[in-house]
Amino acid sequence: MAKTIKHQGYPFVIATELRDRGYGRTGMDFLISPFNPCDWIITNPPFSLSEQFILRSIEHGKPFAFLLKSQYWHATSKLKIFEQYRPEAVLPLTWRPNFLFDQKERKSGSPLMEVYWTVWGSKPAKQTIYCPLPRPKSDKKRGDEYGLFKNYSSIPQAE
1 MAKTIKHQGY
11 PFVIATELRD
21 RGYGRTGMDF
31 LISPFNPCDW
41 IITNPPFSLS
51 EQFILRSIEH
61 GKPFAFLLKS
71 QYWHATSKLK
81 IFEQYRPEAV
91 LPLTWRPNFL
101 FDQKERKSGS
111 PLMEVYWTVW
121 GSKPAKQTIY
131 CPLPRPKSDK
141 KRGDEYGLFK
151 NYSSIPQAE
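In terms of the UniProt record's numbering, the numbers along the sequence shown are unbroken and rise by one, the last being 159.
Have a look at this one:
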């Protein structure tokens, strides 16, 4: 994702990873490392740690966007965090991103998964917008597999 953001012309992007994946600062555990100064947190947290990632991002006090499995908010166990820290928007992708598009060999599993962006402001929202996102036009130069940078002027704004 960090490469995609950089390709969009954002010069200062901090990419961190717990394990070495060939890009970014490695050995950084988001849940315990000191915060890097930033305007936004944008990530695809591990499903099993997603609630901890949400709470840690809230501590930072900056807006954040997480790419989550499409069933994430379906679990009763997630209702409390949704109500307490209501996101501004839930934006399902109308396509399945290929999460292994830059890997030459897949070991197992499918690279395709149904996901959505969940976006939080610096404070809990009063209402959550739900707006499916159309697939961006294919543009290898843009590298926008995650639907981060399409002009989504059709997304309604919360009042």
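Where is the CB? At the ideal position from N, CA and C, for every residue including glycine. It should be emphasised that the depicted structure is a prediction, and the values quoted were computed from it without experimental measurement.
Helix, strand or coil: which one does DSSP assign to I14?
For the purposes of this step, residue 14 is taken as residue 14 along the sequence shown, with counting starting at 1. The three-state secondary structure of I14, taken from DSSP, is coil.
Ignoring anything shorter than 4 residues, give me the alpha helix (DSSP H) runs that lie fully in the stretch 26 to 63, in order along the chain.
Along the stretch 26 to 63, the alpha helix (DSSP H) occurs as fully enclosed runs of 4 or more residues at 50 to 60, listed in sequence order.
Continuous alpha helix (DSSP H) stretch holding L79: start and end
Position 79 of the sequence shown, counting from 1, holds the residue named residue 79. L79 to Q84 is the span of the alpha helix (DSSP H), which, as asked, contains L79.
Is it true that the CB of V119 sits closer than 8 Å to the CB of A75?
If you number the sequence shown from 1, residue 75 lands on position 75. If you number the sequence shown from 1, residue 119 lands on position 119. V119 sits away from A75, with the two beta carbons spaced by 8 Å or more.
Given a threshold of 16 other Cβ atoms within 10 Å of its Cβ, counted over all protein chains shown, does L93 qualify as buried or as exposed?
The residue given as residue 93 occupies position 93 in the sequence shown. Looking at its Cβ environment, which holds 16 or more other Cβ atoms inside 10 Å, L93 is buried.
Less than 7 Å between C-beta atoms, sequence neighbours within five positions excluded: which residues of the same chain meet that for S35?
Here the question's residue 35 lines up with position 35 in the sequence shown. The sequence given here places Phe at residue 35; Ser does not occur at that position. Result list for F35: H60, in chain order.
Can you tell me whether K141 is helix, strand or coil according to DSSP?
Here the question's residue 141 lines up with position 141 in the sequence shown. Low local confidence applies: a pLDDT of 49 at K141 is under 50, so the model's placement there is unreliable, and no value is given.
CB-CB under 8 Å to K141, same chain, minus the five flanking residues each way: which ones, in chain order?
Within the sequence shown, the letter at position 141 stands for residue 141. Note that K141 has pLDDT 49, beneath the 50 cutoff, so the model's placement of it is unreliable and the number below is only indicative. Short of 8 Å from the beta carbon of K141, and not among the five residues preceding or following it, lie these beta carbons of its own chain, in chain order: H7.
Range of the contiguous alpha helix (DSSP H) that encloses A2:
Taking the sequence shown and counting its residues from 1, one reaches residue 2 at position 2. Segment A2 to H7, the alpha helix (DSSP H) holding A2.
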